[in-house]
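If you want the working numbering, it's the 1-based position in the sequence shown plus 172. Heads up, the beta-carbon is just placed ideally off N, CA and C, and yes, glycines get one too. Comments concern the structure below.
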Amino acid sequence: MTDASPNPPAPAPLSKTKLVIGGAAALLAAAGITVCFVLPAQYGIDPTGVGAATGLIQIADAANSPELARGAKRTGVLTLGERAAEPGKTDRWEIELGPYEATEFKYTIDEGKAMTFKWSATAPLRYDMHAHPFNGGTALTESYGVGTAQTMQGRYVAAFTGIHGWYWQNRTMEPVKLTLEASGAIAESTIFDSTGEHKRPLSGG
173 MTDASPNPPA PAPLSKTKLV IGGAAALLAA AGITVCFVLP AQYGIDPTGV
223 GAATGLIQIA DAANSPELAR GAKRTGVLTL GERAAEPGKT DRWEIELGPY
273 EATEFKYTID EGKAMTFKWS ATAPLRYDMH AHPFNGGTAL TESYGVGTAQ
323 TMQGRYVAAF TGIHGWYWQN RTMEPVKLTL EASGAIAEST IFDSTGEHKR
373 PLSGG
């Protein structure tokens with residue numbers, strides 16, 4: 173028995189005009205991403221102001237920053253590597269960062285108190301581990317590590333009473349999931365993102 177059903181019509185070829193318009197739109201989108209996100213994040217060049225508004229330019233300037241110089245003078249603040257969990261409160265936090273999205277996460281910790289931590293991501297992130305005291309504010313920020321990594325763990329001892337944590341940037345065109353676990357003398361956490369500052373209770377109480 174033969175199949176008498178007609179063959180489906182072949183799709184009409186795209187016109188040259190549509191191909192040109194599609195190619196131009198893709199080029200414009202790529203150029204916009206480069207100007208608004210890649211240049212601020214990678215090179216500290218911010219012609220549109222988007223880098224400053226989103227925080228993308230923050231780590232681009234960090235390598236030679238006074239914050240990193242202040243942090244380098246400290247000893248015994250950050251010890252990297254696997255460590256036994258610090259006794260105290262516990263916390264776990266997850267976030268998905270979109271393409272070129274950034275976030276900042278801080279714990280409130282008193283001077284001389286410690287926490288152990290581990291953060292990991294599904295792809296490498298640009299990071300800046302830093303802190304600033306309540307007495308003196310952001311003008312006295314200290315950075316203890318700036319770089320690119322997919323995971324980091326260790327033990328941290330607060331040099332002063334204030335907020336202590338990380339700034340992360342996703343410098344890819346794919347979403348990246350980030351997971352942070354911490355324990356020790358940590359109080360509430362604070363998240364800083366493009367919408368503002370948000371207090372957050374610890375997941376472990």
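Express the C-alpha separation of residue j and residue i in angstroms, rounding to a whole number.
i      : j      : result
Gly326 : Ser292 : 12 Å
Gln341 : Ala303 : 17 Å
Ile281 : Ala357 : 6 Å
Leu240 : Gly308 : 17 Å
Leu350 : Trp265 : 8 Å
Lys261 : Arg372 : 14 Å
Phe332 : Ser375 : 24 Å
Arg255 : Met301 : 18 Å
Pro238 : Leu269 : 28 Å
Lys290 : Pro347 : 20 Å
Ala274 : Thr247 : 29 Å
Lys245 : Thr294 : 32 Å
Val318 : Met324 : 12 Å
Output the boundary residues of the alpha helix (DSSP H) element that contains residue i.
i      : result
Glu258 : Per DSSP, Glu258 belongs to no alpha helix (DSSP H) and is neither H nor E.
Leu240 : Pro238 to Ala244
Residues in the same chain with beta-carbon distance under 7 Å from residue i, minus the five sequence neighbours each way, listed in chain order, please.
i      : result
Met345 : Pro271
Pro296 : Thr320, Ala321 and Gln322
Lys278 : Ile335, His336, Gly337, Ser361 and Thr362
Ile267 : Thr275 and Leu350
Answer with buried or exposed for residue i, where buried requires no fewer than 16 other C-beta atoms within 10 angstroms of its C-beta.
i      : result
Pro305 : buried
Glu276 : buried
Thr313 : buried
Ser366 : exposed
Arg298 : buried
Leu352 : buried
Indicate, with yes or no, if the ligand NAD has a heavy atom lying under 7 Å from the CB of residue i.
i      : result
Ile363 : The model depicted lacks the ligand NAD and carries no ligand whatsoever.
Along the chain, where does the beta strand (DSSP E) containing residue i start, and where does it finish?
i      : result
Val348 : Val348 to Gly356
Thr385 : For the chain, the structure presents residues 173 to 377; residue 385 sits outside this window and is missing.
Glu369 : Gly368 to Arg372
Thr344 : Here Thr344 belongs to no beta strand (DSSP E), and DSSP marks it neither H nor E.
Thr362 : Ser361 to Asp365
Could you name the residues of the same chain whose beta carbon sits closer than 6 Å to that of residue i, not counting the 5 residues immediately before and after it, in chain order?
i      : result
Met287 : Glu258, Tyr328, Ala354, Gly356 and Ile358
Lys285 : Ala330 and Ala357
His370 : Ile363
Gly243 : Glu314, Ser315 and Tyr316
Thr310 : His304
Tyr339 : Glu276 and Asp300
Glu283 : Ala330, Phe332 and Thr333
| field | Sequence ranges, beta strand (DSSP E) only - wholly within the stretch 252-329, length at least 3 | value | 261-269, 274-281, 286-305 and 314-329
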